[in-house]
Amino acid sequence: MDFDYLKQKRILLVDDEQELLDMVVSILNEDGFQDIKTAKTVSEAVTVSDTYQPEFAILDVMLPDGNGFDLMERLKKTADYPVLFLTARGEDDDKFRGFGLGADDYMVKPFLPKELLFRVNAILRRSYKAENPLVKLHGSKIDFERAEVLKNGEHISLTAKEHDILAALYRNAGRIVTIDALCEAAWGDNPFGYENSLMAHIRRIREKIEENPSQPVSLITMKGLGYKLVVEGK
Amino acid sequence: MKSVPKLIRRFVGIMLLSSMLLIILNFALLGIYTLNQSPNSSPWITAQEVADHLSKNENEYVLSEDTALELQNTNVWAILIDNMAMKVVWQTDNLPETVPMSYTISDIASLTRGYIDGYPTFTGEAENGLVVLGYPKESFWKHMWPSWDYNLIANLPKTVLSVLVINIALIFIIYVIANSKLLKSVKPIVSGIQALSTNEEVYIKTSDILQTQSRQLRKRETARTNWIAGVSHDIRTPLSMVMGYAGQLENDVQLSENNRQKAAVIVRQSKRMRNLINDLNLASKLEYNMQPINPERQNLIAVVRQVVVDFINMNIDEKYTIEWQTNETLTSCTANVDKDLIRRAVSNLIQNSMNHNEQGCQIFVRVIAENNVYTVIVSDDGVGATDEQIGKLNNTPHYMVCDEKTTEQRHGLGLLIVKQIIFAHSGKMLIKHSDYGGFEVELSLPMTM
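The listed protein sequences derive, respectively, from chains H and P. Using this note's numbering, the letters of the first sequence map in sequence onto residues 2 to 235. Using this note's numbering, the letters of the second sequence map in sequence onto residues 242 to 690.
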């Protein structure tokens, strides 16, 4: 799956420390992001946001002339784009507040470049879906837009639950998604006692996407833990 | 303060009720007592009976035998004074000699009201005269001038009632005054106890010193927690730069393998510092109860499973493998827990196994539900610990919570935090040897909380 289009996104980076700004820019540049603007204060960020129209923002919580939460509210008034908080305050209440206001994720300093990049890419992938992305698996392709699988020139449609489960797996492609997270994706907030239903759905998904459903290579069981979707080129 | 008026209301109610009961009880007792005291009918009635049972046979007066016997038994004498002669015409055998045998009208008036020679006398009207009974001396007290103002008697019920009411009112006033003083002195304690239950600050005058002391202690604890939070906050930003650039250098293909190794060491050590900062902050908050615990209904298996999956997804070093050993038939362990804290506890245990086995190890995680207790077990097949070390870990307080100077070698905060979290959930932590030859920690949480 090709995510190059995400590297073109305009990113606004706000932190009061010049050295930290430089470092984050360098990390993002190294990963292929080119269009980055920085700001060191709330007012500067608002000005930059108005002219530059960012598609993604990374905000520090503590700024000299205000805090990141209020800044996010102001920014989101004009345009709705994803926000990742970077902060040195590890307290949980901050975290909840950030998410409650509509932040997409939250990272406590210090962090490793790969940790930051993982989150940035995950948020962008979630927020900006490519036009009709065909997800390439071994021996088949998934068309999420049309909720169908292309296998051996055949179009096999996915049920709503199968689509939800596959989408959750795809969002975390290459990583294990727990049984509980998949149940939540398919059955909502109170996903107790759906483990057997989930197994039945997984079996049916495998019949649709796998060349040999009894020996799956794309949708892999991690015994007792969950499932992993192996996507080609990832 | 709604409980003091309530208290007064209840006390007054009890008081009024008890004084009513007391009055009723008094009257009842008085009645029973007087009835018991005079089992025989009134002497006036007896006198009339004697008069009725006295009959004239020819010239002799004869008293019926029953009545005569009764008089004899009670040691009462009797005489009959003839209407005409004003003389005693009949008498009982036990008549004292001092009793006169003839009477004037004034004598009659006097004996009716009072006594003959100290014998209380009672009269009954016979056919031709007056029967006089003389009771033993000092057996009766007679009111010599029994007369009252008519209005007084007419108003008696009213008077008694108003006196009663005034009495009750007086008792009530005395009671209220006495009690309000008591209540006033008790009020701080009552409000203190009430405040305690709502977790407010308790203030009792007499414990001023204690209050100041505990406030200062609290202040110091807050200051310490804030200090730790502040320091960890201030370290985070510089450490970000160290970690960020070291992380970039570690993966810089233009650098020599040797230099990349050096960068890797910086990354590894900064990660240790990051863990330490996180742990220090949480440990101090948990220790001084400044970390709010938010228990919610959770599937404990899902919480633990997510931690294991996060570790696997994080691409941990291939030296470490994590095996999920929870029985597959056990799918749900519902408990009221703070999800974030339990996650932290389990990841600390997994991290602990990694930290102590740099050569690599296999880590085993399982959840068991037995005897109303959920047990989360994290064990490894690594180097483990000696019996002595395990005993120390189980029993010696950590330097952070130890109130004595300690020269013991200091160890990480990871296990301390796990212990604090499990304690905050009313659970237990047990450290022991693993069946796989390494280290094992068992966390037990009660099923119903």
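Virtual Cβ for every residue (Gly too), placed ideally from N, Cα, C. Predicted model, so just to flag it, every value in this text is computed and none were measured.
For residue 158 of chain H, the closest alpha carbon among the candidates H:142, H:137 and H:87 is that of H:142. Between residue 545 of chain P and residue 617 of chain P, the C-beta spacing is below 7 Å. Residue environment analysis places residue 666 of chain P among the buried positions, since at least 16 neighbouring C-beta atoms fall within 10 angstroms of its C-beta. Using a 10 angstroms sphere on the CB of residue 541 of chain P, the tally of other CB atoms reaches 16 or more, which defines it as buried. Closest in C-alpha terms to residue 619 of chain P, from the list P:523, P:604 and P:636, comes P:604. Taking C-beta atoms as the reference points, residue 108 of chain H and residue 87 of chain H count as a pair closer than 7 Å.
Counting C-beta atoms within 10 angstroms of its own C-beta, residue 156 of chain H has fewer than 16 neighbours from the protein chains shown and is therefore classed as exposed. Under the 7 Å criterion on CB atoms, residue 222 of chain H is classed as non-interfacial with respect to chain P. The secondary-structure analysis by DSSP pairs residue 318 of chain P across a beta bridge with P:375.
Residue pairing for residue 363 of chain P: DSSP places it in a beta bridge opposite P:374.
Proximity of chain H to residue 474 of chain P at the Cβ level (cut-off 7 Å) is accounted for by 89 and 90, in chain order. Residue ranges of uninterrupted alpha helix (DSSP H) with 4 or more members, entirely inside the region 375 to 440 of chain P and ordered along the chain, are 391 to 395 and 397 to 438.
Among the CB atoms of chain H, none fall inside 7 Å of the CB of residue 655 of chain P. In the structure shown, the three-state DSSP call for residue 333 of chain P is coil. Excluding sequence positions up to five before and after residue 7 of chain H, its CB lies within less than 8 Å of the CB of 122, 125, 126 and 129, all in the same chain and listed in chain order. Residue pairing for residue 149 of chain H: DSSP places it in a beta bridge opposite H:144 and H:158. Sequence-distant Cβ neighbours of residue 639 of chain P in its own chain, meaning closer than 6 Å and more than five residues away, are 657.
For residue 327 of chain P, no alpha helix (DSSP H) encloses it, and the DSSP letter there is neither H nor E. The residues 252, 253 and 256, in chain order, have a CB closer than 8 Å to that of residue 416 of chain P in the same chain once the five nearest residues on each side in sequence are set aside. Spatial neighbours of residue 372 of chain P in its own chain (CB-CB distance under 7 Å, excluding positions within 5 residues in sequence) are listed in chain order as 288, 291, 292, 295, 319, 321, 364 and 365. As the crow flies, the alpha-carbon of residue 674 of chain P is around 35 Å from that of residue 194 of chain H. By the neighbour-count criterion, in which a residue is buried when 16 or more other Cβ atoms sit within 10 angstroms of its Cβ, residue 274 of chain P is exposed. Interface criterion not met: the Cβ of residue 453 of chain P is under 7 Å from no Cβ in chain H.
A buried status is given to residue 567 of chain P, since no fewer than 16 other beta-carbon atoms sit within 10 Å of its beta-carbon.
Here residue 621 of chain P is buried. Its C-beta has 16 or more other C-beta atoms within 10 Å. The three-state reading of DSSP puts residue 53 of chain H in helix, counting H, G and I together. Look at residue 193 of chain H: its C-beta is under 7 Å from a C-beta on chain P. Our two residues, residue 346 of chain P and residue 329 of chain P, have alpha carbons roughly 13 Å apart in a direct line. The residue from P:361, P:398, P:554 and P:338 with its alpha-carbon nearest to that of residue 382 of chain P is P:361.
For residue 164 of chain H and residue 178 of chain H, the gap between their C-alpha atoms comes out near 15 Å.
The residues 328 and 329, in chain order, have a CB closer than 7 Å to that of residue 342 of chain P in the same chain once the five nearest residues on each side in sequence are set aside. Excluding five sequence positions before and after residue 171 of chain H, the CB atoms of its chain that fall closer than 8 Å to its own CB belong to 136, 143, 145, 230 and 232, given in chain order. For residue 534 of chain P, there is no enclosing beta strand (DSSP E), as DSSP marks it with neither H nor E.
Scanning its chain for C-beta atoms nearer than 8 Å, with the 5 sequence neighbours on each side dropped, one finds around residue 483 of chain P the residues 507 and 511, in chain order. Residue 603 of chain P: member of the beta strand (DSSP E) spanning 602 to 611, first to last residue. When only Cα atoms are considered, residue 335 of chain P and residue 305 of chain P end up about 16 Å apart.
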